[in-house]
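Since the structure comes first, as structure tokens, the remarks are kept for the end.
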Amino acid sequence: DAGITQSPRHKVTETGTPVTLRCHQTENHRYMYWYRQDPGHGLRLIHYSYGVKDTDKGEVSDGYSVSRSKTEDFLLTLESATSSQTSVYFCAISGVGGANNEQFFGPGTRLTVL
Amino acid sequence: GENVEQHPSTLSVQEGDSAVIKCTYSDSASNYFPWYKQELGKRPQLIIDIRSNVGEKKDQRIAVTLNKTAKHFSLHITETQPEDSAVYFCAATNRTNAGKSTFGDGTTLTVKP
């Protein structure tokens, strides 16, 4: 597996609390992505980053924010968690534009919002 | 934005048979089409991909075909084995737009021994 980790791997929280998920890579890839995976919906893009401090919204960005202060770290924050944000969250990295285009996925974080 | 449709949502085959999964996309700017395999509780992993300037690509028992005119691409698995059982996702990617990918909803493939 590519050098990509996520923390925490599992989290249970209560509605209304803030939550931050961390994605860390050791591949020095420019692009990083946050997805959520729900049954019947595949992988849906939340936010992505194309460089340090450069981020943009994906298709399901409402209720989420991101930050990237270093190449290796991409943080996803749920400002006030809701039950609809219960999901499995995957981070991915890519060196797209060069010889490789594939996205490498982290191990995922299972988030439960009660 | 891009829209990807994937069919079928579930597919059951006998060991040794072939399996075909089909996807359509809507944005002609998409130029890279990967297929991912996800085993239960694991992360998605790339199994094969194809660029828009290629019509077909094969890797042992797995092949992908692309029809740019019709905007559809397909995954073909021959001589299926029980270990091929997993969820398969197609994706349409724009390499010139931060490599953003839109994924299909997935196909659960079951290979019966």
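Going down the list, the protein sequences come from chains S and G.
Under my numbering, the final residue of the first sequence carries the number 114; numbering is consecutive throughout.
Under my numbering, the final residue of the second sequence carries the number 1113; numbering is consecutive throughout.
Heads up, the beta-carbon is just placed ideally off N, CA and C, and yes, glycines get one too.
Note that the coordinates shown come from a computational prediction; the quantities given were computed from them, not determined experimentally.
Between the stretch 75 to 84 of chain S and the stretch 10 to 25 of chain S there are three or more C-beta pairs closer than 8 Å, enough to call the two in contact. With a 10 Å radius around the Cβ and a threshold of 16 neighbouring Cβ atoms, residue 40 of chain S comes out exposed. A Cβ-Cβ separation of about 15 Å leaves residue 37 of chain S out of contact with residue 23 of chain S under the 8 Å criterion. With its beta carbon less than 8 Å from one in chain G, residue 101 of chain S belongs to the interface.
Contact note: residue 90 of chain S reaches chain G through 1043, 1044, using a C-beta cutoff of 9 Å and chain order. Distance from the Cα of residue 60 of chain S is smallest, within the candidate group S/81, S/35, S/14, S/86, for S/35. Interface flag for residue 64 of chain S against chain G is unset, since no Cβ pair is found closer than 8 Å.
Chain S places no beta carbon closer than 8 Å to that of residue 1025 of chain G, leaving this residue out of the contacts. Residue state for residue 1081 of chain G is assigned as coil, using DSSP reduced to three classes. In chain order, 1041, 1042, 1043 make up the part of chain G whose C-beta sits under 9 Å from the C-beta of residue 108 of chain S. Only those residues of the stretch 1097 to 1111 of chain G whose C-beta falls short of 9 Å from the nearest C-beta of chain S are listed: 1098, 1099, 1100, 1101, 1102, 1103, 1104, 1105, 1106. Listed in chain order, the positions of the stretch 1045 to 1062 of chain G with a beta carbon within less than 9 Å of a beta carbon of chain S are 1045, 1046, 1049, 1051. Just measuring C-alpha positions, the residue of G/1074, G/1064, G/1111 sitting nearest residue 1007 of chain G is G/1074. Taking residue 86 of chain S as the centre and dropping the five residues before and after it, the same chain places the C-beta of 111, 112, 113 closer than 8 Å to its C-beta, in chain order. When the Cα atoms are used, residue 89 of chain S and residue 1051 of chain G turn out to be separated by approximately 27 Å. Relative to the Cα of residue 1053 of chain G, the nearest Cα in the group G/1030, G/1011, G/1035 belongs to G/1030. Beta-bridge partners assigned by DSSP to residue 60 of chain S: none are found. For residue 1101 of chain G, the uninterrupted beta strand (DSSP E) segment begins and ends at 1100 to 1103.
For residue 74 of chain S, not one C-beta of chain G is nearer than 8 Å to its own C-beta. Excluding sequence positions up to five before and after residue 65 of chain S, its CB lies within less than 7 Å of the CB of 77, 79, all in the same chain and listed in chain order. For secondary structure counted as the beta strand (DSSP E) over 3 or more consecutive residues, the stretch 1027 to 1055 of chain G holds these complete runs in sequence order: 1032 to 1038, 1045 to 1051.
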